[in-house]
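Using the numbering used here, read the sequence shown as starting at 9 and increasing by one per residue.
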Amino acid sequence: GYFAGDLAEVLVYTEALNSVERVLIENALASKYNLTISNDKFAFEGTHGSDIYGIGQESDGDKTSNVSDRVRIESSVISDGTYLMWGHNSGAATLTEVADIPTGNNARLEQEWRVDYSGSSAIVTVKISTAGLSLGAGETYRLLLDADGTFATGALQYAGTQVGDTLVVSNVAIDSDVYLTLGRATA
Numbered sequence: 009g010y011f012a013g014d015l016a017e018v019l020v021y022t023e024a025l026n027s028v029e030r031v032l033i034e035n036a037l038a039s040k041y042n043l044t045i046s047n048d049k050f051a052f053e054g055t056h057g058s059d060i061y062g063i064g065q066e067s068d069g070d071k072t073s074n075v076s077d078r079v080r081i082e083s084s085v086i087s088d089g090t091y092l093m094w095g096h097n098s099g100a101a102t103l104t105e106v107a108d109i110p111t112g113n114n115a116r117l118e119q120e121w122r123v124d125y126s127g128s129s130a131i132v133t134v135k136i137s138t139a140g141l142s143l144g145a146g147e148t149y150r151l152l153l154d155a156d157g158t159f160a161t162g163a164l165q166y167a168g169t170q171v172g173d174t175l176v177v178s179n180v181a182i183d184s185d186v187y188l189t190l191g192r193a194t195a
């Protein structure tokens, strides 16, 4: 008996995973390989299935978060059994002057994230890497959050604080099924 097949991916960890880490990894792999799983916590694989990350907490006390290259969402208050996951649409990670931007912005990332939260609402801190992006004189970055994915109408804008190459926005109310991206605001 030996294995006579192909392996799509092998993950090796230096320590045992807790229950939340297992759920997050299972969801990321299910999205990546278009698999159906029983503990699916992310409903937007079809449109925003790239780079799935998340945070969660279980009743056994396990809590964890994943670190994304571009977007990190943090919360110290998540209820047992809830997960907040996000993935992006594979859009370009460059600021582009598109029509779908709210007033006061001159560009936004084509890359947008969809958030799926199994709770009712969470207050979070959103950190978006601005590495490799540039601002003109008098311009600032804005977190854009929208319920229907049309940022030109109804998007909430959060200023945040620039810390090195990261825009940090605290006290953001996140519900399930929201879109977020980074905008470049004019003075």
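Virtual Cβ for every residue (Gly too), placed ideally from N, Cα, C. Please read these numbers as outputs of a predicted model, since none were measured by experiment.
Determine the contact status of S46 and G95, defining contact as a CB-CB distance below 8 Å. The count along the sequence shown starts at 1 and reaches residue 46 at position 38. The count along the sequence shown starts at 1 and reaches residue 95 at position 87. Cβ distance not < 8 Å, so S46 and G95 don't count as in contact.
What first and last residue would you give for the alpha helix (DSSP H) that runs through T55? As a working note, residue 55 is residue 47 in the sequence shown. It spans E53 to H56 - the alpha helix (DSSP H) in which T55 sits, taken as one unbroken run.
Does K49 come out as helix, strand or coil in the three-state DSSP assignment? As a first step, residue 49 must be located in the sequence shown, where it is residue number 41. Note: K49 maps to coil in three-state DSSP.
Using C-beta distances below 8 Å, list every residue in its chain close to T104, excluding the 5 sequence neighbours before and after it, in chain order. For the purposes of this step, residue 104 is identified with residue 96 of the sequence shown, where counting begins at 1. Excluding residues within five positions, the ones whose Cβ falls inside 8 Å are A115, R116, L117 and E118.
Could you pull out every residue in the same chain whose Cβ sits closer than 7 Å to the Cβ of A98, ignoring the five residues on either side in sequence? Stepping through the sequence shown from its first residue, residue 98 is reached at position 90. The sequence given here has Ser at residue 98, not Ala. Cβ neighbours of S98 within its own chain (closer than 7 Å, five residues either side excluded): S58.
Return the residue from the list E23, Y61 and A139 that minimises the CA-CA distance to I33. Position 25 of the sequence shown, counted from the start, is the residue given in the question as residue 33. Checking every option, the nearest Cα to that of I33 belongs to Y61.
Exposed or buried, what is L143 when buried is set at 16 or more other beta-carbons lying within 10 Å of its beta-carbon? As a first step, residue 143 must be located in the sequence shown, where it is residue number 135. Counting the other CB atoms within 10 Å of its CB gives L143 a total below 16, which places it among the exposed residues.
How about F159 and T189: do their beta carbons lie closer than 8 Å? As a working mapping, residue 159 is identified with position 151 in the sequence shown. As a working mapping, residue 189 is identified with position 181 in the sequence shown. Contact: yes.
How would you label E128, buried or exposed, when you count the other beta carbons within 10 angstroms and need 16 or more for buried? What you label residue 128 is simply residue 120 of the sequence shown in a count that begins at 1. In the sequence as presented, Glu is not what sits at residue 128; that position holds Ser. By the neighbour-count rule (16 or more Cβ atoms within 10 Å), S128 is not buried but exposed.
Length of the line joining the Cα atoms of G9 and E17: Mapped onto the sequence shown, residue 9 falls at position 1. Mapped onto the sequence shown, residue 17 falls at position 9. So the two alpha carbons sit approximately 21 Å from each other.
Checking 8 Å against the spacing of the C-beta atoms, do S184 and Y125 come in under that value? Mapped onto the sequence shown, residue 184 falls at position 176. Mapped onto the sequence shown, residue 125 falls at position 117. Yes. Within cutoff.
Collapsed DSSP secondary structure at A181 in the structure displayed: Residue 181 sits at position 173 when you count from the first residue of the sequence shown. Correct three-state label for A181: strand.
Per DSSP, G80 is paired with what? Within the sequence shown, numbered from 1, the residue matching residue 80 stands at position 72. Inspection of the sequence shows that residue 80 is occupied by Arg rather than by Gly. Answer is K135.
Beta-carbon separation of D154 and G162 under 8 Å? For this step, residue 154 is matched to residue 146 along the sequence shown. For this step, residue 162 is matched to residue 154 along the sequence shown. Judged by beta-carbon spacing, G162 lies within the 8 Å limit of D154, meaning their Cβ atoms are closer than that value.
Secondary structure at G60, three-state DSSP: helix, strand or coil? Start at 1 with the first residue of the sequence shown, and residue 60 comes out as number 52. It is worth fixing the name first, because residue 60 is Ile in this sequence and not Gly. Strand.
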